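Since the structure comes first, as C-alpha cells, the remarks are kept for the end.
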Amino acid sequence: MQGESSRLSSQENETHTPVLLKVETALDFPNALARVALYILENPKKAVRQSLGELSAASQSGQATIFRLCRELGFKGFTDFKLALAAEVGQLESEPNRGVSLTVNSLDETVSLISRSVLNTRQLVQPEV
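In numbering that gives the first Met the number 0, the protein residues as written are 0 to 128.
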C-alpha cells in the first residue's frame, strides 16, 4: 500500500485535486478499498451525511478500511476526507452546469467529455523530474 499512497501525496491536496476524482483512482486499489470507493462515487451526497459506522455498514467494509482509504487518498483521516467531500458536493450542487451528463447527444459533447476526462487525469499525474 505504501506505493499507492505515494501516488497521492499531500502536495496534490494542496493543488486541490477534486475529491471525487481521487476517489475514482481508488477503484484500482485492492477489493475492500475499491468497494468503499465505488459506494462513495455512487452515493456522494449520502456518504457526506453518514458517520464512519454508517458508511462502513452501507459499503459492507470495515471502519479501518474506510480510514485506510482516506489516508491512501492523501487525507489525514475520515473527518478530513468527509469535509473535503462535503465542500465538493456542495460546490457541484451550487453549479449544476458543471456536472457531467450521463447521456451524450453529439460528437461535440463526446469530444468535450473525453477532453475533460483527460484534463482531470492529468491533474493526478505529477510530471517526472
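Heads up, the beta-carbon is just placed ideally off N, CA and C, and yes, glycines get one too. Treat the numbers as computed from the prediction; the structure is a model and nothing was measured.
C-beta atoms of residue i and residue j nearer than 8 Å
i	j	result
Leu51	Gln62	yes
Ala25	Ala31	no
Minimum C-alpha distance to residue i - residue among the options
i	options	result
Asp79	Leu91, Tyr38 and Ile65	Ile65
Thr129	Gly73, Ile113, Glu92 and Lys81	One cannot answer for residue 129 here, as it falls past the ends of the chain, which runs 0 to 128.
Leu20	Leu84, Arg34 and Asn30	Leu84
Glu87	Ala46, Glu53 and Ser55	Ala46
Buried versus exposed, by CB contacts within 10 Å (16 or more), residue i
i	result
Leu115	The sequence given here places Arg at residue 115; Leu does not occur at that position. Arg115 is exposed by the Cβ-count criterion.
Arg48	exposed
Val117	exposed
Ile39	buried
Nearest-angstrom Cα separation, counted from residue j out to residue i
i	j	result
Ala57	Asn42	10 Å
Met0	Glu71	Only weak support is given to the placement of Met0: the predicted model assigns it a pLDDT of 48, under 50, and the value that follows is read from those uncertain coordinates. Approximately 8 Å, taken between the alpha carbons.
Val129	Leu68	This structure leaves residue 129 out entirely; the chain is present only between 0 and 128.
Lys81	Glu92	16 Å
Gly77	Glu53	Correcting the residue identity first, residue 77 is Phe in this sequence and not Gly. In a straight line, the C-alpha of Phe77 is about 13 Å away from that of Glu53.
Ser100	Glu23	Because the pLDDT at Ser100 is just 48, under 50, the model does not fix this residue reliably, and the value given afterwards should be weighed accordingly. Going from the Cα of Ser100 to the Cα of Glu23 covers about 17 Å.
Gln90	Lys75	22 Å
Asp27	Leu37	10 Å
Ile113	Lys44	25 Å
Near the ligand MN: residue i beta-carbon under 7 Å from a heavy atom
i	result
Phe66	With respect to the ligand MN, the structure shown offers nothing to examine, as it has no ligands at all.
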